[in-house]
Amino acid sequence: EKLPKVVHFPEVITLRLRWSPLEERVRITVKELNLFGSTDLCEVHIPAMSVIDWASSSQNERMKRFEMKPTDPSYPSETPPWILLEFGTPHDERDLDRFHGRINTV
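All you need for our numbering is the position in the sequence shown, starting with 1, plus 37.
Here you go:
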């Protein structure tokens, strides 16, 4: 059995964050799914204020690469784990704010 070296997740995740030093750090964890439960492989913690700043920066500065920390240092790996993220602001094409208060509209 060969283990993958690169995994691509083309998903979009929306986070609700406050620009405040008291806001908790964003934690991203990579897990291995088992038959019962999962095992944490590695994780990274990113300051929420930095995420907000990067999301509003220019287009060519929105991609960031982060080194992840293995949760089990004895786990064999050929390369250190890392993750590449692109930050941005959410865009809702449905314009749901316009329908606020209209219960009959779906």
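Note that CB positions come from ideal geometry on N, CA and C, so glycine has one too. Everything numeric in this text was worked out from a predicted model, so none of it was measured.
query: CB-CB under 7 Å to V143, same chain, minus the five flanking residues each way: which ones, in chain order?
result: Translated into the one-based positions of the sequence shown, residue 143 becomes position 106. Any reading at V143 must be qualified, since the residue scores a pLDDT of 48, below 50, and its modelled position is unreliable; the value itself is stated next. The answer is none, since no qualifying residue turns up.
message: So, for T126: in the same chain, excluding its five sequence neighbours on each side, which residues have a beta-carbon less than 8 Å away from its beta-carbon?
response: By 1-based counting over the sequence shown, the position of residue 126 is 89. Within the same chain, T126 has close Cβ partners A92, S93.
- prompt: Hey, is the stretch 81 to 90 in contact with the stretch 47 to 62, meaning 3+ C-beta pairs nearer than 8 Å?
  reply: yes
- request: Note down the Cα distance separating L72 from H45, rounded to an integer number of angstroms.
  value: Sequence index remark: in the sequence shown, residue 72 carries index 35 (1-based). Sequence index remark: in the sequence shown, residue 45 carries index 8 (1-based). Cα to Cα, the separation comes out at about 22 Å.
field: Spatial distance of T76 from L40 (CA atoms)
entry: As a working mapping, residue 76 is identified with position 39 in the sequence shown. As a working mapping, residue 40 is identified with position 3 in the sequence shown. T76 and L40 have their C-alpha atoms roughly 15 Å apart.
Local conformation of V44 per DSSP, three classes: Residue mapping note: residue 44 aligns to position 7 of the sequence shown, counting from 1. If DSSP states are grouped into helix, strand and coil, V44 belongs with coil.
message: Using the three-state DSSP reduction, which class does T142 fall into: helix, strand or coil?
response: Counting from one through the sequence shown, the residue named residue 142 turns up at place 105. Caution applies to T142, whose pLDDT of 48 falls short of 50 and renders its modelled position unreliable; the value that the coordinates give is listed next. Here T142 sits in coil by DSSP.
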